[in-house]
Structures are given as structure tokens and as C-alpha cells.
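Chains as they are written, first to last, in this note's numbering: chain A, 1 to 195; chain B, 1 to 195. C-beta atoms are modelled at their ideal positions from N, C-alpha and C, and glycine is treated no differently. Okay, so here's the structure we're looking at.
2 protein chains.
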Amino acid sequence: MVREFILFSRIGQTDPNFSSLHDAGRLDIMHECIVSSLFLSHGLRRDVTFHAILNGPPNPPVHIKIDGETLYDVRTDIDTWQGIIKKTLSNKAQSQQQVHPGVSKDKVSFEALLKSKAETDNCKIYVLEEGGKELSKIEFGEKSVFVLGDHVGMPRKAETFALRFGEKISLGKTPYLAASCITVINYVLDQKVKF
Amino acid sequence: MVREFILFSRIGQTDPNFSSLHDAGRLDIMHECIVSSLFLSHGLRRDVTFHAILNGPPNPPVHIKIDGETLYDVRTDIDTWQGIIKKTLSNKAQSQQQVHPGVSKDKVSFEALLKSKAETDNCKIYVLEEGGKELSKIEFGEKSVFVLGDHVGMPRKAETFALRFGEKISLGKTPYLAASCITVINYVLDQKVKF
Chain A
1 MVREFILFSR
11 IGQTDPNFSS
21 LHDAGRLDIM
31 HECIVSSLFL
41 SHGLRRDVTF
51 HAILNGPPNP
61 PVHIKIDGET
71 LYDVRTDIDT
81 WQGIIKKTLS
91 NKAQSQQQVH
101 PGVSKDKVSF
111 EALLKSKAET
121 DNCKIYVLEE
131 GGKELSKIEF
141 GEKSVFVLGD
151 HVGMPRKAET
161 FALRFGEKIS
171 LGKTPYLAAS
181 CITVINYVLD
191 QKVKF
Chain B
1 MVREFILFSR
11 IGQTDPNFSS
21 LHDAGRLDIM
31 HECIVSSLFL
41 SHGLRRDVTF
51 HAILNGPPNP
61 PVHIKIDGET
71 LYDVRTDIDT
81 WQGIIKKTLS
91 NKAQSQQQVH
101 PGVSKDKVSF
111 EALLKSKAET
121 DNCKIYVLEE
131 GGKELSKIEF
141 GEKSVFVLGD
151 HVGMPRKAET
161 FALRFGEKIS
171 LGKTPYLAAS
181 CITVINYVLD
191 QKVKF
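Shown next, in the form of C-alpha cells:
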């Protein structure tokens, strides 16, 4: 079963010149989402891939992909991830070259990534939004991709684009942190396959 | 509706002489649990109280209580909470004196806290454990207290004590991080009252 998360980061910085993830356009939210996507107690989710599309200065977009299948030598803490993200953003290579196992970077846009997930990989696309269909009522397919925004949300244009390929889903009226949404989705999907 | 979380931290340091929460007996896990207990997107859960019982050196136990109703001037990041926890552990006062709004410390033990929650406050106690009753099948009462361990789990003795007052519940076979457990419990309880 394919399970992927795409974080649309509206102002996430696209060069490595920052002193903290928080001040780099809230890349601390990206760190929290990486942890909730990929980490279990004493282990990693090998069947999950996490993507962030950074749209902040100076050179957007940057697509960072973290592949649970090949990821290793990582911990949950922010210092570990600040190091990995800095190294990845410093990498001058244009395509998918890895500076840390499982972590890669390219210039693929949000729209191009989404289109390829829907049309080439035949994934079902779910866009998190308050007015969407209740998560627990969804019949998930074999390949699910979940799209969510950071603290400022997705721009209308990106959201409209995403909805051409997918449907809106909702976790209810409580406004969860982005990372909490991912934890809940992982739990609901785990329930469907394992209890 | 009362909703409280108690984290049993087996080696969490009980003085403020540390350079990082991670190295202070994994108090970084306490930080993650505070965030998942109390933080929403752009807001706090005013109806949630978080407790940690620190059982590490040099002077266990220390009970730190964070009350969502009165908590303010906080962010989700680890630096904020490292500061608050250090200040709280530095405080020489013996009882519930606050060094940050909503955050207090005393010498109440795990056993005493649990007993008072069950017998004085009439809360229902739920202990997280793999073999427990499935979370989604529980009929929660008006006052629920959830007990969980950190990365090393609770000692058998503490768990046996807790089970004199409550029942085991489980999130399934997936071994979640402590903070993820709290996020999932908050979500499941939100669903029961709000969707």
C-alpha cells in the first residue's frame, strides 16, 4: 500500500542560509511533519514517502523528498533535521542527488508532482480541508497521496489545481497542526489494515 | 469534559543542569507530548491538562503540571519549552508555585497523583498498552485521564498500580511515539463530541 504526504510550504526558504528552521519560513513545521509521517517508536515507516514543496525565497520551487524505504541514520530531533535540510538545500546538483540516505531534492513544482502522482502513478489524491468528506468515511485505495498546507494554508490556485485530481477530506472542525493531521491519517490508515 | 494526560518519564532529569532536553533523560519526549496534548493550529486546548512525572536523578519524583486553561505566552518549539522546563525545575518552592503561567511543579508521586484523580476527582483512568481494549470501542466518561510511558515504557510496578484504578486501552499493533498516541486520543475524543 502506497502512502504519501505532500506538504505545501508557502514561505519555506529555498536556500540554506538560516540559523533556525523556524526562521526559515517555518521549516520547523516541515520537521514536525517529517516526524509524524515517518517515525514510529524505535522504528521508521518503510511504506511512507514524505514530500515538501518549498515556495519561499530565493529560488522556488524546491521539492524535497524523504523516502521511508531508504531513509536511515536519523532521529526525531530538530537539530538532526536542521542539518539534513541545510545539507540538502546546499546541494548544487539539479536533480535527485542525495546528500543523506533517503533524502533528495529537485526543482519539480507542486503542480507537476501532483499530476505525476495522479496520472503516472495512479494514486488517489486527498486534499485536507475543513469542508471535506469525513476521513473515517473514506474508502482508501491502494495508493493514497495526502496534500496539506502549513500554518498559512495553501494558496487558492494550488488548491484548485489539486482538486482537479483529487477530493477534499476533513478531520472535523478542530483546527489541528499540520503534523497532527498526518499522525491522525497514519492512525486511521493503520486501523484499516492492522487491528 | 475533563481530559488529562499523564506521562511517566522513567529517567527524566529532576534538576535544571542540562544543555538539551534530549540529554536530560529524554525530556524532548515530554516536549513533544506537551505540544500534542495542548496545541492546535493557532490556538491552545483550554480543556486539557498535561502532567509529567519525572523519575530521573537527582531528586525524584518531580510532578510538572501544565494547565491549558491558564497557559499562555508559549509556542510549540523546543527552545521555548527547554526554557520553561529549566525555569520550573530551578524553582526552589516546594509546592505548586508557578514560574510560567499555567506551568507548576511539586513533589507529588505518580501513585499519589493517580489515586487523587481516580478517588477525589472521580476521573476514569486509561492506561495505554498494546494488549488493551481498542480505543475506538471505548465509551468515554466526562472525565478521562490517560496514562502513558516514554520511550522505555512504565515500570511494571507503576503500571500494576495504575491498573488498580483504571483499564488498559490500545491504539492497535503499531508502536506509536508517545506524542503520536496523545494526538490520536485527542482526535478520537474530538470526533465523539464535535463532528
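So, using beta-carbon positions, are isoleucine 34(B) and isoleucine 66(B) closer together than 8 Å?
-> Here residue 34(B) is taken as the residue at index 34 of the second sequence, counted from 1. Here residue 66(B) is taken as the residue at index 66 of the second sequence, counted from 1. In contact: isoleucine 34(B) and isoleucine 66(B) (Cβ atoms closer than 8 Å).
Does DSSP classify glutamate 142(A) as helix, strand or coil?
-> Position 142 of the first sequence, counted from the start, is the residue given in the question as residue 142(A). Coil, per DSSP.
How long is the line joining the alpha carbons of isoleucine 85(B) and arginine 164(A), rounded to whole angstroms?
-> The count along the second sequence starts at 1 and reaches residue 85(B) at position 85. The count along the first sequence starts at 1 and reaches residue 164(A) at position 164. Roughly 47 Å separates the two Cα atoms.
Quick one: is aspartate 67(A) near chain B, going by C-beta distance under 8 Å?
-> Residue numbering aside, residue 67(A) sits at position 67 when the first sequence is read from its first letter. Chain B contact via Cβ: absent.
Give the residues of chain B in contact with glycine 43(A), contact being defined as C-beta atoms less than 9 Å apart.
-> The residue you call residue 43(A) lines up with position 43 of the first sequence. Simply Pro175.
For the 8 Å Cβ check, are there 3 or more pairs between the segment 112-132 of chain B and the segment 74-85 of chain B?
-> no
Entirely enclosed alpha helix (DSSP H) segments - the segment 55-112 of chain B, minimum 4 residues | 78-90
Which of the three DSSP states, helix, strand or coil, is assigned to leucine 177(B)?
-> Position 177 of the second sequence, counting from 1, holds the residue named residue 177(B). Coil, per DSSP.
In angstroms with no decimal places, state the Cα-to-Cα distance between proline 60(B) and threonine 183(A).
-> In the second sequence, the residue the question calls residue 60(B) occupies position 60. In the first sequence, the residue the question calls residue 183(A) occupies position 183. Each residue's alpha carbon lies about 32 Å from the other.
Residue-level contact to chain B via CB, serine 180(A), 8 Å cutoff | In the first sequence, residue 180(A) corresponds to position 180, counting from 1. With 8 Å as the cut-off, serine 180(A) counts as an interface residue toward chain B.
Residues that DSSP places opposite glycine 166(A) in a beta bridge = Within the first sequence, numbered from 1, the residue matching residue 166(A) stands at position 166. Bridge partners of glycine 166(A): Ile125(A).
Leaving aside the five residues before and after glycine 131(A) along the sequence, list all residues of the same chain whose C-beta is less than 7 Å from its C-beta, in chain order.
-> Here residue 131(A) is taken as the residue at index 131 of the first sequence, counted from 1. If we look at glycine 131(A) and ignore the five residues flanking it on each side, its Cβ neighbours are Lys168 and Ser170.
How about the segment 130-144 of chain A and the segment 1-9 of chain A: do they share at least three Cβ pairs that are nearer than 8 Å?
-> yes
First through last residue of the beta strand (DSSP E) which encompasses leucine 7(B) | Mapped onto the second sequence, residue 7(B) falls at position 7. First-last of the beta strand (DSSP E) with leucine 7(B): 2-9.
Do threonine 174(B) and the ligand COA come close, with the Cβ less than 7 Å from some heavy atom?
-> With respect to small molecules bound, the structure shown includes none, and the ligand COA cannot be examined in it.
Partners in chain A for aspartate 23(B), counting only beta-carbon separations shorter than 8 Å = Reading the second sequence from its first residue, position 23 is the one you call residue 23(B). By Cβ distance, chain A contributes nothing, its closest Cβ being about 11 Å from aspartate 23(B), past 8 Å.
From the DSSP output, which residues share a beta bridge with threonine 49(B)?
-> Counted from its first residue, the second sequence places residue 49(B) at position 49. BP columns for threonine 49(B) point to Glu4(B) and Asp67(B).
Around the Cβ of aspartate 190(B), are there at least 16 other Cβ atoms within 10 angstroms (buried) or fewer (exposed)?
-> Walking along the second sequence from the start, residue 190(B) turns up at place 190. Buried, by the Cβ-count rule.
Grouping DSSP H, G and I as helix and E and B as strand, with all else coil, what is valine 193(B)?
-> Reading the second sequence from its first residue, position 193 is the one you call residue 193(B). Note: valine 193(B) maps to helix in three-state DSSP.
Within the same chain, show all residues whose beta-carbon is closer than 8 Å to that of valine 48(A), passing over the 5 residues directly before and after it, in chain order.
-> Position 48 of the first sequence, counted from the first residue, corresponds to residue 48(A). Taken in chain order, the residues that qualify are Arg3, Glu4, Phe5, Ser37, Leu38, Gly68 and Asn186.
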